[in-house]
Every structure is written in structure tokens, then in C-alpha cells.
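Data first, discussion second: the structure below is written as C-alpha cells.
In my numbering, the protein residues as written are 7 to 424.
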């Protein structure tokens, strides 16, 4: 695997030209489309997505400051960053950064020595899913990012919560720590609540906690939402204990869970209830009795008796098409601009086009097909029905998906040299 710097990948992703052939200064302007240029200045978006780009190190901090002076969101998921110092180099060069996603970078042995005391007061959301970041490194990150209110620690294979209970982070409001099946002790939740005393939302789906103690209400004072999907809860009494937490009870005295899928074995007088499922991505309300369920069943039977079986009138699919059969026209003459009427010095190929591709990926495919560098071509889209009215449309933005152009069977793409 060939590792790259953040700077190299950033320029490669958002530049239309080869850097060696066209040196220019780079500026960032918020609220504009990526890859656009004003004169010789490259304009980058305020939200950068550079996942799966083999990024291992930062590169020139000076260049990052030039490139990313107003960047607010950075997605570096699924790269090769292993050193905390490289993360610091990138983030401290982005003074307006509010969101950073480092998921699926292996931080299990990240180097935390020789880190400076730089503070990142603007960062509000920190995503560290599937990084296996150790607790001491997490403490360092949270100390340097005191305003983080949204923290993601799912799929990190934690066996216990090893947070320093004497160090509190009152700004944290939402914690996602799902997919850690070795977490099995209610004491871990107590540690979380002591370290994050103002926590309002806690997602711990797919953990292995089976018992909820009677004093649970004492440790969840501010909690408004709780996700315990797939916990092996053993008794209805455990749910009743959570029912005492006022903040997660609705005005109708229902208990609210988000995406809750719990199988509860009941050994009390409700032994006939073998399985209780709380499902769905929206909040669901679970009533304490089965009266509502009985009433709904009676209404369904009555409706069938009166109206009989009523089939759907039609099935409608509003999803965008996934493929289109298009024609690609390549102008071999570098001196003349291609038009839809050119007949000489051009190649024509039929192509079944995946409309979920980005413009950048499509240009790379065309470059391989015709032996032309993607940075040396211009690609125009021709709507077969509207071409007489609007003419060819230049594909400018490499991150844009092809389906957003409403490509249909019979449309054309014209390739011209820059």
C-alpha cells in the first residue's frame, strides 16, 4: 500500500490540473462548490471528505493552513493514521474546524508523547468509531477539545470503561458507545455518568448488560434518550426501574426507547408474555398493559369483516434509476472543440453507466477507456430531449453524483481536450 500525506490527497481530490504543470495558490471560501476556480485560485468546500485515501501523515502544516483556513467539517474515515501527532498537525491548522471523523483509523497504539497543549475550542463533534483508541489517548483528546458535545466511540472492542472519574467533561451531551459486547457491568454506566455529568443522550446498543440495579435512577439525572438495543435483559423489573427516570418518560406515562430491541424473559404474573420487542429507528412508546394491542386486533377483524381484503392499488418506486445506456463521444482532435455534429476524428462507444458514480470516478473511467488523463479532459453532458434548448452541460464538480443530472437512456457524454 502506498501511503500519502493529507496535503497530497487534498490537492489530488479537489484539483483539476496536475500540480507539477500548474502551480497556483490555494484558498478556501465557504459556501461554494468544490474544485471551482477564480483566476488561478482553487476554491474548496467547507466540508471535506477524504475517506479511504491512504492518508498516513499530515504533510506541510503551512500548506494545510493555506488550503483549509475556513474548513468546518473533515471526514478522514478509513485511512492509515496511527500517530496522534499527525492528527494534531491537521486539526491545529484548521481554526474553524467543528467536526472531525477519524473512524476506522487504527489508533490502538497511537503515539501520545511529545504532544503540545494546543486547544481546539471550536470542535463540537468527535467521531472515533472502530479506532480502538485507548482511554488515556481519549482523555488527551477530550482535554484538548473541551467543547465537544457529541462523542462517538462505537465498535472499539472495549471490555470496561477506564475513565478518570475525577476528571469531568460537563459539555458532553451525547455519547454513542454501541457495539462493544464486552461491556457487561452497570458500573461502567455509572463511570460514564460521573465523567459526563450533563449527558442527555446515551446509545449503548449491542452491549451485554443484563441487570439494571434499583438505584439506577440516581445515576441518570439528565438523561433524555437511552438506546439499549439487544441488551440481554432478564426481567421486567429492570425496565420498571428505568421507568422511574422522569426525563425519559412521556406525559402519558409511557417508557421511551430509541431503536430498542430487547428480549425480556418474564417470570412474574405476566409469564404469558414470552417476548417483548421494542423496534424501529423512531422512538416507540411501550404501554404497561396489553389493552391497546387487544383493541387494535379487534379493529382489524372488524375492518376485514366489513370491507374484505383490500389490495394496494399500485406500487410506486420514486428512487432514482441506477443505470442508463448512454453514448460516449471522444474528440481525438486536440485543436477543435467537440460538438454534437462533429463527424470526423472522434470515437463513439456505448456504455451502461452506473449513475451512483461521482463525476470524478466517471472521468477516471473515461481516461482509462480513451487513454487520456482525467485532468486533461472536459466532459459535457447532452440531454437527448433538451439538447436543442440548453446545449451540452459541462461536468464541473468531481464530487457530484451522476444521477443528479437526471441522466436517462439515450443521452450522450462528449469528451474534449483542455
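No residue lacks a Cβ here, since even glycine has one placed at the ideal position from N, Cα and C.
Treat the numbers as computed from the prediction; the structure is a model and nothing was measured.
- With contacts defined as CB atoms closer than 9 Å, residue 88 and residue 112 qualify as a contacting pair.
- With contacts defined by Cβ atoms closer than 9 Å, residue 401 and residue 424 do not form a contacting pair.
- Excluding the 5 residues flanking it on each side, residue 250 has same chain C-beta neighbours closer than 7 Å at 223, in chain order.
- Around the C-beta of residue 124, fewer than 16 other C-beta atoms lie within 10 Å, and the residue is accordingly described as exposed.
- For residue 108, the closest alpha carbon among the candidates 101, 119, 94 and 121 is that of 94.
- Around the beta-carbon of residue 389, 16 or more other beta-carbon atoms lie within 10 Å, marking it buried.
- In the three-state DSSP reduction, residue 11 falls in the strand class (E or B).
- Secondary structure at residue 366: helix, using DSSP grouped into helix, strand and coil.
- The alpha-carbon of residue 73 is positioned some 19 Å away from that of residue 60.
- In this structure, DSSP gives residue 167 a state outside helix and strand, which the three-state scheme calls coil.
- The residues 421, in chain order, have a CB closer than 6 Å to that of residue 383 in the same chain once the five nearest residues on each side in sequence are set aside.
- Taking the CA atoms as reference points, residue 19 sits about 27 Å from residue 116.
- With respect to the 9 Å criterion, residue 331 and residue 367 are not classified as neighbours on the basis of their beta carbons.
- With respect to the 9 Å criterion, residue 218 and residue 247 are classified as neighbours on the basis of their beta carbons.
- Shortest Cα-Cα distance from residue 121 to any of 98, 152 and 372 involves 98.
- Assigned with DSSP and collapsed to three states, residue 240 falls in coil, not helix or strand.
- The Cβ neighbour count for residue 203, taken over all protein chains shown within 10 Å, is under 16; the residue is labelled exposed.
- Bounds of the beta strand (DSSP E) holding residue 331 are 329-337.
- Taking every protein chain shown into account, the CB of residue 127 has fewer than 16 other CB atoms within 10 angstroms, so this residue is exposed.
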